[in-house]
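**Q** My structure is below; once you've seen it, I'll send some questions.
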Amino acid sequence: MAGPQPALMPPDDRVVMISGANRGIGLAIAKRLAADGYRLSLGARDTGALAAATADLDDARVLRAKFDATVPADTPAWVEATAARFGRIDALVNNAGILRQVTFDEGDEDTLDELWAVNVKAPFRLIKHALPHLRRAGHGRIVNIASTDAKRYRAPTVSIGYAMTKHALLALSHAAKFAGWDDGVRSTALTPGAVRTDLIAGLPGVTATADQIDPATIAALVATVLSMPDNASIAELPVNARLEPTL
Ligand SMILES: NC(=O)c1ccc[n+]([C@@H]2O[C@H](COP(=O)([O-])OP(=O)(O)OC[C@H]3O[C@@H](n4cnc5c(N)ncnc54)[C@H](OP(=O)(O)O)[C@@H]3O)[C@@H](O)[C@H]2O)c1
21 MAGPQPALMP PDDRVVMISG ANRGIGLAIA KRLAADGYRL SLGARDTGAL
71 AAATADLDDA RVLRAKFDAT VPADTPAWVE ATAARFGRID ALVNNAGILR
121 QVTFDEGDED TLDELWAVNV KAPFRLIKHA LPHLRRAGHG RIVNIASTDA
171 KRYRAPTVSI GYAMTKHALL ALSHAAKFAG WDDGVRSTAL TPGAVRTDLI
221 AGLPGVTATA DQIDPATIAA LVATVLSMPD NASIAELPVN ARLEPTL
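Numbering (my numbering), first residue to last: 21 to 267.
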């Protein structure tokens, strides 16, 4: 790239794909990025729920697509529909995820497979298909919503299956950084603690609801990550609601 990097990259109509955009953190990210001036390609397995949740967004600047993380064919279809609609893809936010209880005493291998399919294999597939477009964009960005459970194993009440998949997503995020670096693609693993969504409602051992992070706070961090120039790579971004050593 000619000349020095800017201090910050403006939204400038950049096109961002967000998986699981119909509720929770994904919806908060969609609303924040729309307000900031990004164009959005939103993926959800229930497109009716997605349309209802995002009815306030400007249809001229938003594509809503069917994306089921467990259906491999949905990924290339969504990526190609995004490129066809906007002519470019500047960023991918791997947000869709599930939490199921799998420990040595609870859950089974089918549930473990489900966790891998949604939390790891789907983000892998999305990165693989989006990468050529992100490289062409010049300053492509990948944001993977991992978890503090990607960084350590906190307590025996925590799903081992969830922690395993989030650790794997962290590895995937670092690998994506290497894959895209020379073409200006940067990859970030955002690793939040407890965020106030359905995902952790009533979960044993989790931070009290009143102390959980607001999804809009996570959305603000995603906006910050997307504003970083190529020479300010944020490989990991931990954010925690509770006191822990190093997190
Ligand atoms: N909440 C927390 O404390 C917390 C902390 C750290 C990280 N995270 C991560 O943040 C991400 C978002 O979680 P959240 O808290 O917003 O949870 P949430 O409110 O339960 O929302 C999960 C989202 O993922 C989607 N999803 C689930 N399975 C899917 C599938 N097979 N195909 C496509 N989409 C699917 C859901 O769609 P449906 O509506 O169709 O189910 C929904 O949009 C997840 O990756 C989660 O692991 C959450």
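Backbone N, C-alpha and C fix where the C-beta goes; we use that ideal spot for every residue, glycine too.
Just so it is clear, the structure is predicted and the values come from calculations on it, not from any experiment.
#1: Taking 7 Å as the cut-off, does the CB of Pro30 come closer than this to any heavy atom belonging to ligand 1?
#2: Which term fits Met21, buried or exposed, when burial requires 16 or more other beta carbons within 10 angstroms of its beta carbon?
#3: Ignoring anything shorter than 3 residues or poking outside the segment 143-168, list the beta strand (DSSP E) runs there in chain order.
#4: Taking the runs of the alpha helix (DSSP H) that are 4 residues or longer, which of them lie wholly in the segment 56-135?
#5: What number of angstroms, rounded off, separates the C-alpha of Pro24 from the C-alpha of Gly204?
#6: On the criterion of 16 or more Cβ atoms from any shown chain inside 10 Å, does Pro30 qualify as buried, or is it exposed?
#7: Using 7 Å as the cut-off, classify the Cβ of Ala205 as near or not near the heavy atoms of ligand 1, replying yes or no.
#8: Give the single residue among Lys186, Tyr173, Pro176, Leu151 whose Cα lies nearest to the Cα of Ser167.
#9: If you reduce the DSSP assignment to three classes, tell me which class Thr229 lands in.
#10: Below 7 Å, is the gap between the Cβ of Asn260 and the nearest heavy atom of ligand 1?
#11: Quick check: does the Cβ of Ser179 come within less than 7 Å of any heavy atom belonging to ligand 1?
#12: Identify, in the order they occur along the chain, each residue of the same chain with its Cβ nearer than 6 Å to the Cβ of Val82, setting aside the five sequence neighbours on each side.
#13: Alpha carbon to alpha carbon, how far is Gly40 from Arg52? Give it in angstroms, no decimals.
**A** So, from the data block:
#1: no
#2: Reliability of the predicted coordinates at Met21 is poor, the pLDDT of 49 falling under 50, and the value obtained from them is presented with this limitation in mind. With fewer than 16 other Cβ atoms within 10 Å, it is exposed.
#3: DSSP runs (the beta strand (DSSP E)) wholly in the segment 143-168: 161-165.
#4: 67-73, 94-106
#5: 13 Å
#6: exposed
#7: It should be pointed out that residue 205 corresponds to Val in this sequence rather than to Ala. False, no ligand heavy atom lies under 7 Å from that Cβ.
#8: Minimum Cα distance to Ser167 is reached at Lys186.
#9: helix
#10: no
#11: Ser179 Cβ: outside cutoff for every heavy atom of ligand 1.
#12: Closer than 6 Å at the Cβ level, and outside the excluded window around Val82, lie Leu60.
#13: Roughly 15 Å between the two C-alpha positions.
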